[in-house]
Structures are given as C-alpha cells and as structure tokens.
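Input: a single structure, listed below in structure tokens.
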Amino acid sequence: MRKSEFATLLLAATFLLMAWAGSWFEIVAEGTYTEGLDREPTIRTQYLIDSSQESFEMSIENSTPLLLYWIEREDVSPEPTNQNENSSEPPSDAPSLDGGSEPCSGSCLDRARSWVGLTMFALFATLYLSSARPSTLTRATVALVWLLGTAVILTAVPLAAAADFGISGGEDSGGESSTGGFDTNTQETVEVDQFAHFEQDDDMGLSFDGISFTYDSVGFDLGLLAEEDRQAVIDSAPVEGEPGYESLIGFHGEMTVGPGSILTWWLLTTPLIIVNLWSPRNPLEEE
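Numbering (our numbering), first residue to last: 1 to 287.
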C-alpha cells in the first residue's frame with residue numbers, strides 16, 4: 001500500500017468518525033391551534049439528534065387557553081375491550097411478531113442509526129479493499145456504497161425522526177395524536193378517537209433548510225361536550241351557530257428536519273472517493 005493510499009484511508013477514518021460523533025439533524029417544529037381556542041396557542045419544539053440520543057426544548061406561546069382546554073375537556077377514549085384471562089391469545093398491546101402496523105419495533109431513529117453506522121463501516125471497508133486490491137469492481141463498489149450512505153443520511157434519518165415524532169403516522173391508527181405528534185411532549189395528548197368528523201392532511205417537501213413536513217387537522221372534540229350532546233354531533237356535523245359547533249378544534253403544524261455536521265463531514269469524503277476512482281492502478285492488478 002502506497003503512502004498516498006494510507007493517507008486516504010486515514011483521512012477517511014477521521015472524517016467518518018467526526019461525522020458519527022457530530023450533530024446529525026436538527027428538527028424545528030411549530031404547531032398552532034387555529035380553531036376553537038382563543039389567541040391561537042402555539043407549541044414550539046426544537047430537537048437535536050446525534051448518534052446516541054435526542055435532546056429537545058419546548059415552549060408554548062399563549063399557553064393559558066391551551067391549559068384551560070386540557071383541564072376542561074373530559075377524556076372520552078373508548079374503553080379497552082376486556083379479554084378472557086384464560087385466553088391463549090396474546091394481549092392486544094403486545095408487540096406483533098410479524099411487525100403488524102407499526103413501522104418500527106421500538107425507535108425508528110435507532111434503526112436509522114444502525115443503517116448509518118453500517119454504511120460508514122462499509123465505506124471504510126470498501127476503501128481499504130480498493131486500496132489493497134484495486135480493480136474496477138472494488139472501486140465501483142466504493143462509489144456505490146458512498147451513494148447509498150448519502151441516501152441513508154439524507155432520507156432515512158429525517159423520515160425516521162418524523163415517524164418517531166408522530167407526524168408520519170397512518171390515518172387509521174386509533175391511538176394517534178390529533179395534532180400529528182406536535183403535542184407529544186406536552187402534559188396532555190388528545191387522541192384522534194376522541195373526535196367526531198375528524199379530518200387530517202399531511203404533506204412532505206424539500207426546502208433550503210432540509211425536509212419539510214406539514215400537518216393539518218380539524219374535528220369536533222367530544223370531550224368538550226356534555227355526554228347527552230355527543231351523539232347528535234357524531235350523527236351530524238354541526239355548522240356555525242348550531243349546538244356542538246363550539247367543540248370544533250383545528251390545528252396546523254410545520255416541521256423542518258435539517259442536517260447537522262454529519263453531512264459536512266460525510267461530503268468531505270467525496271474528494272477521497274474521486275481520488276480512489278482515478279488513481280493509477282498497477283497493470284498487474286487489472287485482472
């Protein structure tokens with residue numbers, strides 16, 4: 001192995017270690033109650049993600065109407081179905097062996113971290129193999145692994161963060177937050193199954209700051225109504241001025257997942273990949 005090849009490997013190891021140890025992504029989320037609450041309370045959350053943990057800060061603007069909403073509403077979650085104690089079937093909250101409807105078993109971010117670590121190790125290993133036994137195949141493998149790692153960092157980690165946050169949950173998940181996850185770290189989370197005529201819409205796009213997610217929901221919160229008034233709202237959605245319309249709650253949220261230093265350090269490996277692809281080979285090693 002030539003000195004230049006050893007230097008390339010040393011730089012690659014340094015850049016990959018710095019990428020792993022640095023900040024990965026920053027999530028900035030802001031959700032506002034647009035209907036039903038006075039002064040439009042706003043929940044702001046900032047997450048920092050690295051190779052081992054997530055840290056966050058949260059603040060609530062115009063919090064008094066939101067606190068009163070949580071205090072005044074009644075929990076009307078459906079009662080869990082009683083199971084026969086002698087039944088041989090596993091409890092409904094046990095994790096499904098076939099994966100069920102859950103996108104990840106545990107934390108999606110933990111799974112994404114494993115993929116990032118695997119691609120970083122694979123990149124260094126293929127670089128070493130390409131230096132020790134240079135060939136068209138090994139050098140093409142280096143480029144392929146680098147492209148795969150870039151895709152994992154730019155897409156898998158942000159999408160995993162969004163899934164753990166709750167904004168990418170499916171429409172049919174009964175325990176899903178009515179705010180799409182924006183109230184996950186607050187003292188109360190109002191679930192979708194406590195609403196009547198609930199509608200939600202989410203979208204994803206790219207921006208200069210990273211990957212952007214939007215979430216909108218609207219519905220009638222049955223917990224704000226007297227028990228005898230709930231069925232009428234369930235049967236027919238009231239219009240403005242009719243009894244029950246005061247239970248209408250609307251929410252709009254925006255979240256941006258932007259890259260941290262991991263992307264900078266990863267991109268610094270690009271010149272090393274180019275050097276590896278274009279460096280001269282020993283004619284005896286062509287085969």
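C-beta: ideal position from N, C-alpha, C; glycine also.
- Beta-bridge annotation (DSSP): leucine 68 is not paired with any residue.
- Excluding residues up to 5 positions away in sequence, Thr141, Val142, Val145 lie with their Cβ nearer than 6 angstroms to the Cβ of threonine 126 in the same chain.
- Taken through DSSP and simplified to helix, strand or coil, glycine 241 comes out as coil.
- Check the Cα spacing between aspartate 38 and each of Leu206, Asp50, Asn62, Ile211: the tightest is with Asn62.
- For arginine 44, the beta-bridge partners assigned by DSSP are Glu30, Ser59.
- Contact between glutamate 254 and serine 212 holds, with the beta-carbon distance rounding to 7 angstroms and staying under 8 angstroms.
- Aspartate 216: member of the beta strand (DSSP E) spanning 210 to 221, first to last residue.
- If you draw a straight line from the Cα of methionine 120 to the Cα of threonine 256, it comes to about 25 angstroms.
- Membership of proline 271 in the alpha helix (DSSP H) is indicated by the continuous run 270 to 278.
- CA-CA distance, histidine 197 to phenylalanine 220, rounds to 6 angstroms.
- Out of Glu242, Ala156, Ala122, the CA that lies nearest to the CA of cysteine 108 is found in Ala156.
- Inter-segment contact for the stretch 12 to 24 and the stretch 237 to 245 is absent: fewer than three beta-carbon pairs are separated by less than 8 angstroms.
- Apart from the 5 residues on each side of it in sequence, leucine 248 sits with its Cβ closer than 6 angstroms to the Cβ of Glu35, Gly36, Phe220 in its chain, given in chain order.
- Going by DSSP, proline 259 is part of the beta strand (DSSP E) stretching over 248 to 259.
- For serine 207, there is no enclosing alpha helix (DSSP H); the enclosing beta strand (DSSP E) has its first and last residue at 195 to 207.
- Contact check for aspartate 209 against glycine 260 fails: the beta carbons are separated by 7 angstroms or more.
- Looking at the DSSP output, glutamate 54 shares a beta bridge with Ile49.
- Taking every protein chain shown into account, the CB of aspartate 183 has 16 or more other CB atoms within 10 angstroms, so this residue is buried.
- When only Cα atoms are considered, glutamine 200 and tryptophan 115 end up about 31 angstroms apart.
- Serine 178 sits in coil when the DSSP states are folded into three classes, being neither helix nor strand.
- When only Cα atoms are considered, threonine 150 and threonine 214 end up about 24 angstroms apart.
- Fewer than three beta-carbon pairs drawn from the stretch 45 to 65 and the stretch 265 to 278 are found closer than 8 angstroms, and the two stretches are therefore not classed as touching.
- Boundaries cannot be given for aspartate 183, as no alpha helix (DSSP H) includes it and DSSP labels it neither H nor E.
- Segment contact: the stretch 262 to 270 against the stretch 7 to 15, three or more CB-CB distances shorter than 8 angstroms; contact assigned.
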